[in-house]
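Asker:
Protein chains: 2
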Amino acid sequence: MHDSGDPLGDLVKLLVRLPGVGEKSARRIAFHMLSADRDYAQTLGEALATLGERVRRCASCGNYTARELCALCADPRRAGDVLCVVARPADADAIERARVFGGRYHVLHALLDPLGGVGPAEFPLVPLMERIAREGIREVILATPPTVEGEATSLYLAEALRSAGVSTSRIASGVPHGGDLEFVDPITLGRALEGRRSL
Amino acid sequence: MHDSGDPLGDLVKLLVRLPGVGEKSARRIAFHMLSADRDYAQTLGEALATLGERVRRCASCGNYTARELCALCADPRRAGDVLCVVARPADADAIERARVFGGRYHVLHALLDPLGGVGPAEFPLVPLMERIAREGIREVILATPPTVEGEATSLYLAEALRSAGVSTSRIASGVPHGGDLEFVDPITLGRALEGRRSL
Chain U
37 MHDSGDPLGD LVKLLVRLPG VGEKSARRIA FHMLSADRDY AQTLGEALAT LGERVRRCAS
97 CGNYTARELC ALCADPRRAG DVLCVVARPA DADAIERARV FGGRYHVLHA LLDPLGGVGP
157 AEFPLVPLME RIAREGIREV ILATPPTVEG EATSLYLAEA LRSAGVSTSR IASGVPHGGD
217 LEFVDPITLG RALEGRRSL
Chain F
37 MHDSGDPLGD LVKLLVRLPG VGEKSARRIA FHMLSADRDY AQTLGEALAT LGERVRRCAS
97 CGNYTARELC ALCADPRRAG DVLCVVARPA DADAIERARV FGGRYHVLHA LLDPLGGVGP
157 AEFPLVPLME RIAREGIREV ILATPPTVEG EATSLYLAEA LRSAGVSTSR IASGVPHGGD
217 LEFVDPITLG RALEGRRSL
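Protein chains in written order, with this note's numbering: chain U, 37 to 235; chain F, 37 to 235.
1. Run through DSSP, which three-state label would I177 (chain U) get?
2. Would you say G88 (chain F) lies against chain U (beta-carbon separation less than 8 Å)?
3. For a contact defined as C-beta to C-beta under 9 Å, what are the partners of D117 (chain F) on chain U?
4. Compare the Cα-Cα distances from C109 (chain U) to each of U:R167, U:P43 and U:L47 and report the closest residue.
5. So does the region 136 to 143 of chain F actually touch the region 89 to 106 of chain F, counting three or more Cβ pairs closer than 8 Å?
6. On the DSSP letters alone, give me the boundaries of the alpha helix (DSSP H) that S190 (chain U) sits inside.
7. Return the chain-ordered list of same chain residues with a C-beta closer than 7 Å to the C-beta of E193 (chain F), the five sequence neighbours on each side being excluded.
8. Buried or exposed for L148 (chain U), going by 16 or more other Cβ atoms inside 10 Å?
9. Does DSSP put H213 (chain F) in a helix, a strand or coil?
10. Select from F:R174, F:S209, F:G231 and F:G215 the residue whose C-alpha is nearest the C-alpha of L197 (chain F).
11. For P181 (chain F) and chain U, any beta-carbon pair shorter than 8 Å?
12. Against chain U, does S61 (chain F) count as a neighbour if the rule is that its beta carbon must be under 8 Å from one of theirs?
13. Could you work out which residues of chain U lie near D129 (chain F), taking near to mean beta carbons separated by less than 7 Å?
14. In terms of residue numbering, what span does the beta strand (DSSP E) encompassing H142 (chain U) cover?
15. Give the range of the alpha helix (DSSP H) segment to which T79 (chain U) is assigned.
16. Would you kindly work out how many angstroms separate the C-alpha atoms of L105 (chain F) and A62 (chain F), rounded to a whole number?
17. When DSSP labels each residue in this structure, what does V162 (chain U) get in the three-state scheme?
18. To test your reading of the DSSP string, which unbroken beta strand (DSSP E) runs of 3 or more residues are found completely within the region 94 to 140 of chain U?
19. Beta-carbon within less than 8 Å of A208 (chain F)'s beta-carbon, same chain only, minus the 5 sequence neighbours each way: which residues are those?
20. Which residues does DSSP list as the beta-bridge partners of T204 (chain F)?
21. Please report how far the alpha carbon of M37 (chain U) lies from the alpha carbon of E187 (chain F), in whole angstroms.
22. Under three-state DSSP, which class holds R227 (chain F)?
23. Give the secondary structure of R170 (chain U) by DSSP, where H, G and I count as helix, E and B as strand, and everything else as coil.
24. Is it buried or exposed, D238 (chain U), if we count other Cβ atoms within 10 angstroms and call 16 or more buried?
25. In the structure shown, what three-state DSSP assignment does M37 (chain U) receive?
26. Using a Cβ-Cβ distance under 8 Å, would A102 (chain F) count as near chain U?
27. Determine whether the beta carbon atoms of G81 (chain U) and G155 (chain F) lie at a separation below 8 Å.
28. Please report how far the alpha carbon of R233 (chain U) lies from the alpha carbon of T224 (chain U), in whole angstroms.
29. Near P212 (chain U), which residues of its chain fall below 7 Å by C-beta distance, leaving aside the five closest residues on each side in sequence?
30. Look at V176 (chain F) and V202 (chain F) and say whether their C-beta atoms are less than 8 Å apart.
31. Out of F:D216, F:G214, F:R103 and F:A77, state which residue places its alpha-carbon closest to the alpha-carbon of E89 (chain F).
32. Of all Cβ atoms in chain U, is any one closer than 8 Å to the Cβ of A126 (chain F)?
33. Taking the alpha-carbon positions, what's the L84 (chain F) to A85 (chain U) distance?
34. What residue does the alpha helix (DSSP H) around P70 (chain F) start on, and which one ends it?
35. Cα separation between T204 (chain F) and V118 (chain F)?
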């Protein structure tokens with residue numbers, strides 16, 4: 037980094053680029069780094085600087101890992117015939133923390149978004165279909181986000197998977213747990229009604 | 037850092053130790069670092085790791101600086117006979133951003149806290165009094181925080197400064213701007229009434 041003579045100000049400028057960190061938090065963090073023990077700042081700094089070198093994509097599912105295969109793909113206790121397809125590693129992480137899924141993941145690192153430059157030609161369909169054939173996957177759960185691009189991706193994948201004879205489902209969209217209906221947006225309310233289940 | 041084989045998890049553990057960063061934000065930041073361009077992660081990491089080497093305390097006021105004297109102490113346009121005494125560099129930074137003070141600061145890096153191991157013997161009174169004599173300071177504004185330790189420090193300093201014949205004042209404590217009285221704590225309300233000014 038160019039030495040501006042203002043290391044604290046430089047750090048604040050870098051920190052505000054982090055998600056969820058505003059000007060105030062950035063200043064608080066920067067001052068904290070100087071009052072906290074120096075080992076911590078150095079360890080955190082090195083962890084950040086070398087993260088990209090130490091993390092790669094799992095050769096099987098595309099999730100982040102430090103090894104050739106991620107911990108889930110290497111775990112023989114995970115069901116090998118069910119895949120949960122997600123857009124990003126953070127999504128797989130969120131589902132994993134909910135402890136509701138015992139199969140493996142497939143991380144697309146992309147969503148179908150023709151206006152954003154990801155049309156069917158750019159979309160990584162082939163690696164997924166090859167994996168399904170290679171690993172004898174029988175069931176796929178589509179857990180792309182409930183956004184325009186996520187829904188488009190889900191529809192596109194559902195069609196390809198149907199042709200391949202794979203049982204396919206889409207995660208439910210509706211009112212979140214603990215959510216106050218008054219503050220839920222109309223599209224979500226519409227989906228909650230549409231997806232109602234008889235009791 | 038010891039290589040646990042889980043660089044992302046390690047980073048999350050380091051990030052949650054930052055002020056204002058919980059488990060969720062830490063995960064969000066960690067995943068962001070991998071999807072953002074790698075130069076950014078490296079630059080931020082190096083800025084953090086080397087911060088302690090590049091920042092020292094101003095020889096005059098004790099604030100953080102990259103040089104022998106901080107920018108404010110080196111600025112001849114700042115009033116040289118008025119000092120604002122604060123506990124921490126972040127406090128001087130906050131007052132500076134409010135653009136309400138044209139003098140210089142004195143950063144204690146401590147508060148009087150006998151139970152916490154900072155009694156009069158440990159408290160850095162001498163450097164302040166020496167600076168006041170050396171620089172011919174005529175007025176001191178005590179801007180230590182409105183906490184038990186901050187008030188104790190303020191009283192202690194006020195006595196020492198009175199003996200030295202220096203005009204001394206304490207910043208006002210009261211209901212913050214935009215604050216709803218309903219949600220203001222009783223001590224603050226008491227101070228707001230006590231410190232009322234005739235109109």
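Quick reminder that beta carbons are idealized off the backbone N, C-alpha and C, glycines included. Quick caveat, the model's predicted, so the values are computed rather than measured.
Answerer: Concretely, from the data shown:
1. As a first step, residue 177 (chain U) must be located in the first sequence, where it is residue number 141. Of the three classes helix, strand and coil, the one that applies to I177 (chain U) here is strand, per DSSP.
2. In the second sequence, the residue the question calls residue 88 (chain F) occupies position 52. G88 (chain F) counts as touching chain U.
3. Position 81 of the second sequence, counted from the start, is the residue given in the question as residue 117 (chain F). Ordered by position in chain U, no residue passes the 9 Å Cβ test against D117 (chain F), which lies about 27 Å from the chain.
4. Taking the first sequence and counting its residues from 1, the one referred to as residue 109 (chain U) is at position 73. Checked all of U:R167, U:P43 and U:L47; the closest Cα to C109 (chain U) is U:R167.
5. Using a Cβ-Cβ distance cut-off of 8 Å, the region 136 to 143 of chain F and the region 89 to 106 of chain F are in contact, since at least three pairs of beta carbons, one from each stretch, lie closer than that value.
6. To locate residue 190 (chain U), count along the first sequence from 1; it is residue 154. S190 (chain U) -> alpha helix (DSSP H) spans V184 to S199.
7. Sequence index remark: in the second sequence, residue 193 (chain F) carries index 157 (1-based). At residue 193 (chain F) the sequence reads Leu, which differs from the Glu that was named. Cβ neighbours of L193 (chain F) beyond the five flanking positions: V121 and L178.
8. Counted from its first residue, the first sequence places residue 148 (chain U) at position 112. Counting Cβ neighbours within 10 Å, L148 (chain U) comes out buried, since at least 16 surround it.
9. Your numbering for residue 213 (chain F) matches position 177 in the second sequence. Here H213 (chain F) sits in coil by DSSP.
10. As a working mapping, residue 197 (chain F) is identified with position 161 in the second sequence. Selected option, being the one with the closest Cα: F:R174.
11. Along the second sequence, read from residue 1 onward, the residue named residue 181 (chain F) stands at position 145. False, the Cβ-Cβ gap to chain U never drops below 8 Å.
12. Here residue 61 (chain F) is taken as the residue at index 25 of the second sequence, counted from 1. Answer yes: the Cβ-Cβ gap between S61 (chain F) and chain U drops below 8 Å somewhere.
13. Translated into the one-based positions of the second sequence, residue 129 (chain F) becomes position 93. Going along chain U in sequence order, the residues near D129 (chain F) (Cβ under 7 Å) are R63.
14. Counting from 1 along the first sequence, the entry for residue 142 (chain U) is found at position 106. Unbroken beta strand (DSSP E) run through H142 (chain U): R140 to V143.
15. Position 43 of the first sequence, counting from 1, holds the residue named residue 79 (chain U). That run of the alpha helix (DSSP H) goes R74 to A85.
16. For the purposes of this step, residue 105 (chain F) is identified with residue 69 of the second sequence, where counting begins at 1. For the purposes of this step, residue 62 (chain F) is identified with residue 26 of the second sequence, where counting begins at 1. Rounded to the nearest angstrom, the two C-alpha atoms are 36 Å apart.
17. Walking along the first sequence from the start, residue 162 (chain U) turns up at place 126. Here V162 (chain U) sits in helix by DSSP.
18. 118 to 122
19. Here residue 208 (chain F) refers to the residue found at position 172 when the second sequence is read from its first residue. Apart from the 5 residues on each side of it in sequence, A208 (chain F) sits with its Cβ closer than 8 Å to the Cβ of G231 in its chain, given in chain order.
20. Working through the second sequence from its first residue, we reach residue 204 (chain F) at position 168. Per DSSP, the beta bridge partners of T204 (chain F) are F:V176.
21. If you number the first sequence from 1, residue 37 (chain U) lands on position 1. If you number the second sequence from 1, residue 187 (chain F) lands on position 151. Caution is warranted here: a pLDDT of 48 is assigned to M37 (chain U), below 50, making its placement in the model unreliable, and the coordinate value is therefore given only provisionally. About 42 Å.
22. On the second sequence, residue 227 (chain F) is found 191 positions in, with the first residue counted as 1. Reduced to three states, the DSSP call for R227 (chain F) is helix.
23. Translated into the one-based positions of the first sequence, residue 170 (chain U) becomes position 134. Correct three-state label for R170 (chain U): helix.
24. In this structure chain U extends from 37 to 235, so residue 238 (chain U) is not present and cannot be described.
25. Working through the first sequence from its first residue, we reach residue 37 (chain U) at position 1. With a pLDDT of only 48 at M37 (chain U), under the threshold of 50, the placement of this residue in the model should not be trusted, and no figure is reported.
26. One-based indexing of the second sequence puts residue 102 (chain F) at position 66. Interface residue, yes.
27. Within the first sequence, residue 81 (chain U) is the residue found at index 45, counting from 1. Within the second sequence, residue 155 (chain F) is the residue found at index 119, counting from 1. Taking 8 Å as the cut-off, the beta carbon of G81 (chain U) is found no closer than this to the beta carbon of G155 (chain F).
28. Here residue 233 (chain U) refers to the residue found at position 197 of the first sequence. Here residue 224 (chain U) refers to the residue found at position 188 of the first sequence. Approximately 16 Å, taken between the alpha carbons.
29. If you number the first sequence from 1, residue 212 (chain U) lands on position 176. So the list is empty, once near-sequence residues are dropped.
30. For the purposes of this step, residue 176 (chain F) is taken as residue 140 along the second sequence, with counting starting at 1. For the purposes of this step, residue 202 (chain F) is taken as residue 166 along the second sequence, with counting starting at 1. Yes; because the gap between Cβ atoms is below 8 Å, this pair is in contact.
31. Mapped onto the second sequence, residue 89 (chain F) falls at position 53. The candidate whose alpha carbon is nearest that of E89 (chain F) is F:R103.
32. For the purposes of this step, residue 126 (chain F) is identified with residue 90 of the second sequence, where counting begins at 1. True, the Cβ-Cβ gap to chain U drops below 8 Å.
33. For this step, residue 84 (chain F) is matched to residue 48 along the second sequence. For this step, residue 85 (chain U) is matched to residue 49 along the first sequence. Within the model, the alpha-carbon separation for L84 (chain F) versus A85 (chain U) is close to 9 Å.
34. In the second sequence, the residue the question calls residue 70 (chain F) occupies position 34. A quick correction: the sequence has Leu, not Pro, at residue 70 (chain F). Its alpha helix (DSSP H) spans residues E59 to S71.
35. To locate residue 204 (chain F), count along the second sequence from 1; it is residue 168. To locate residue 118 (chain F), count along the second sequence from 1; it is residue 82. So the alpha carbons of these two residues sit roughly 10 Å apart.
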